[in-house]
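For what it's worth, numbering that gives the first Met the number 0 labels the leading residue of the first sequence as 0, then goes sequentially. Worksheet: the structure to be examined is printed underneath.
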Amino acid sequence: MKVITRFPPSPTGKFHIGSARTALFNYLFAQHHGGTMFLRFEDTDAERNKIEHEHDIIDGLHWLGISYTESIPLRQSERLDVYRSYLHQLIESGAAYEAEPAENGGGNVVRFKNPNVKITFSDLIRGEVSFDTAELKDFIIARNTGSPLYHLAVVADDHDSGITHVIRGEDHISNTQRQILIIEALGFSRPVYAHIPLILAPDRSKLSKRHGAISLNEYRAEGFVAEALVNYLALLGWNPGGERELFSLAELVRAFDITQVQKSGAIFDLQKLRWFNHSYLKKLDAEEYEARFAEYIKTEKKAAPPAYLSQAIRIVQERGETFGHAFELLHTDCAFLEDNLNGGAPIPIPLLTKGAKADALTVLAHLKKVLVLLSGVDEKSFTTDAIKDAVFPYATGEGRASVLWPLRVALSGKEKSPDPFTLAGYLGKERTLSRVSNAIEMLSRV
RNA sequence: GGCCUCGUCGUCUAACGGUUAGGACGUUUGCUUUUCAAGCAAAGAACGCGGGUUCGACUCCCGCCGAGGUCACCA
0 MKVITRFPPS
10 PTGKFHIGSA
20 RTALFNYLFA
30 QHHGGTMFLR
40 FEDTDAERNK
50 IEHEHDIIDG
60 LHWLGISYTE
70 SIPLRQSERL
80 DVYRSYLHQL
90 IESGAAYEAE
100 PAENGGGNVV
110 RFKNPNVKIT
120 FSDLIRGEVS
130 FDTAELKDFI
140 IARNTGSPLY
150 HLAVVADDHD
160 SGITHVIRGE
170 DHISNTQRQI
180 LIIEALGFSR
190 PVYAHIPLIL
200 APDRSKLSKR
210 HGAISLNEYR
220 AEGFVAEALV
230 NYLALLGWNP
240 GGERELFSLA
250 ELVRAFDITQ
260 VQKSGAIFDL
270 QKLRWFNHSY
280 LKKLDAEEYE
290 ARFAEYIKTE
300 KKAAPPAYLS
310 QAIRIVQERG
320 ETFGHAFELL
330 HTDCAFLEDN
340 LNGGAPIPIP
350 LLTKGAKADA
360 LTVLAHLKKV
370 LVLLSGVDEK
380 SFTTDAIKDA
390 VFPYATGEGR
400 ASVLWPLRVA
410 LSGKEKSPDP
420 FTLAGYLGKE
430 RTLSRVSNAI
440 EMLSRV
């Protein structure tokens, strides 16, 4: 039997990170078993739906690399006739009945006649789960005979599209009993269920806006890459067993086993997501990194990348946990690549001497000597290694901090930056000498 | 509150009757071209509590406590 799962969001809000994980699990399960995942929009509540949310979800799915097959029709709102006929079938068989008038007029609500039985279903993650449906009373399945509600629509759609496995959030676990009751009244067969644990905020409450970013788009805007998000989300509540943590989507598909999914909720750890993201970013070759980074800057920051972008890639790739972070770094750690250092502002003397563990006069003497040493390096081979060879012995002899710190500050104008040899290597001989000279001039005036 | 579900380092997790309870993130400390980042090395850190069952329980059973979900004419 071919496995068919489904991802049925209701387009009433931004594509939630938890919803994305549910989609991912459905996708992984279906793919692992050579099946397919259907997408359908549950939009029976006309007042809360927005078309842009549908676009947002579809866009997010594509971005993550989660493929799907569209249900036909895609929206429940286009299948009202079908639900109506099931509703009539239920009423005719006595399984449902028209009750009190609807709140907003337009006929009577339809209630399901509860047989008050015990329902037990087996869940791939939790094992046997039992409910006594008696406490449900005769629950409402339609606003009126023409307007079905969620439970009826879900059962109808899952049946008609041949869904074999219902994989959804744990928040749906108590809905299962209602749906099974309807399934049995309609004579359908049950799908297999799997209720996955919820994603929790650091305080173990349900993840919501007040905890920070919850929509997929926010992570995308911050410069997280799809590979990292997919990898992190998959391993939040599931683990293939070994000690490896980095998996591509295809590898996740191969290894996925829904019965190994954790039973308890998992706290969303932004730090770890950042680590995953940085790991993926660091693995990119410089060319691809630059292409993707430039694309990010264009679409998310709506800005033009600085002229020195290509030169900054290695530095930024090593340090930036996200593209957003890397973008900031462009203007801090990489600002030394700007032709006009600090916009031409002089470097403060205290900064020049701060980490040198030496007085201004000593620092001045060191810089003068370094200038001479640097001048001796051939312009054509003014590389990080050559510069180091020229300066390092002297720095070691004099006390590295007292030589290297001022040199680094003279070249970067910053308290934090890459090391001085790297800096000089990037800048080239001319700009390096000029910046050191400027610093010397500044110190001489004191 | 009723019902359902869950309970291994701070966090994500592995092991599932016999292990020094493993890994990863984070934290702390070293090392490297004494800043920052990265890298490398190391340290600290867990079986919720109480009863059973057993030669032996994190692993099985019961109770307690704690946590989450759900109780709509939303989905």
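Ideal Cβ positions, reconstructed from N, Cα and C, are used throughout, including at glycine.
Separation of residue j from residue i, as counted between CA atoms
i    : j    : result
L283 : A325 : 14 Å
I348 : A293 : 36 Å
T395 : K356 : 14 Å
G17  : R219 : 15 Å
A45  : S121 : 33 Å
E221 : T35  : 31 Å
K49  : Y26  : 24 Å
T352 : L410 : 14 Å
A152 : Y192 : 17 Å
G343 : T321 : 30 Å
E217 : P72  : 30 Å
P305 : R167 : 45 Å
Q316 : N276 : 11 Å
E127 : A254 : 25 Å
K117 : R273 : 46 Å
S380 : E429 : 12 Å
T382 : G424 : 5 Å
V81  : L60  : 28 Å
P10  : G236 : 25 Å
T43  : Q75  : 6 Å
I162 : V2   : 8 Å
K154 : I182 : Note that residue 154 is Val in the sequence shown here, rather than Lys. In a straight line, the C-alpha of V154 is about 6 Å away from that of I182.
F24  : D256 : 10 Å
E134 : L180 : 13 Å
L426 : E327 : 20 Å
H32  : L232 : 20 Å
S204 : Q261 : 17 Å
R83  : A249 : 41 Å
R291 : K112 : 57 Å
Beta strand (DSSP E) segment containing residue i, residue limits
i    : result
M36  : 35 to 40
R74  : 68 to 74
S129 : 126 to 131
S121 : 117 to 122
P100 : 95 to 100
A254 : Where A254 is concerned, there is no enclosing beta strand (DSSP E), although the alpha helix (DSSP H) it sits in stretches over 248 to 254.
R110 : 107 to 111
A141 : 139 to 143
S3   : Sequence inspection shows Ile at residue 3; the Ser mentioned does not correspond to that position. Element bounds for I3: 3 to 6.
Residue i - containing alpha helix (DSSP H), residue span
i    : result
A409 : 399 to 411
R430 : 419 to 443
N25  : 16 to 31
A355 : Looking at the DSSP string, A355 is not in any alpha helix (DSSP H), and its letter there is neither H nor E.
E91  : 79 to 91
V260 : Neither: V260 is in no alpha helix (DSSP H) and is coded neither H nor E.
A155 : 149 to 159
Proximal residues to residue i (C-beta, below 7 Å), its chain only, five neighbours per side dropped
i    : result
L432 : L370, L373, S374
A141 : L86, V108, V109, P147, L148, L151
A302 : I296
K368 : Y393
D131 : K117
G12  : H52
L215 : F14, I16, A19, G59
Cβ shell of residue i (< 6 Å), same chain only, five flanking positions each side left out
i    : result
Y67  : M36, L38
N437 : none
E169 : H194, P196, L197
I56  : P8, F14
P239 : A254
Residue i, buried or exposed, once every other Cβ within 10 Å from all chains shown has been counted against 16
i    : result
Q30  : buried
S129 : exposed
T258 : exposed
N230 : buried
S98  : Here residue 98 turns out to be Ala, not Ser, going by the sequence shown. Per the 10 Å Cβ criterion, exposed.
A227 : buried
D338 : exposed
I213 : buried
S188 : exposed
R434 : buried
H330 : exposed
Own chain partners of residue i with C-beta closer than 8 Å, once the 5 adjacent residues on each side are dropped
i    : result
V362 : L351, T352, A355, S401, P405, L442
Would you mind listing the alpha helix (DSSP H) stretches within the segment 280 to 337 that are 4+ residues and don't spill past its ends, in chain order?
285 to 299, 308 to 318, 322 to 330
Whole beta strand (DSSP E) elements within the segment 166 to 230, 3-residue minimum:
191 to 195
For a minimum of 4 consecutive residues, which ranges assigned as the alpha helix (DSSP H) are wholly contained in the segment 42 to 66?
50 to 63
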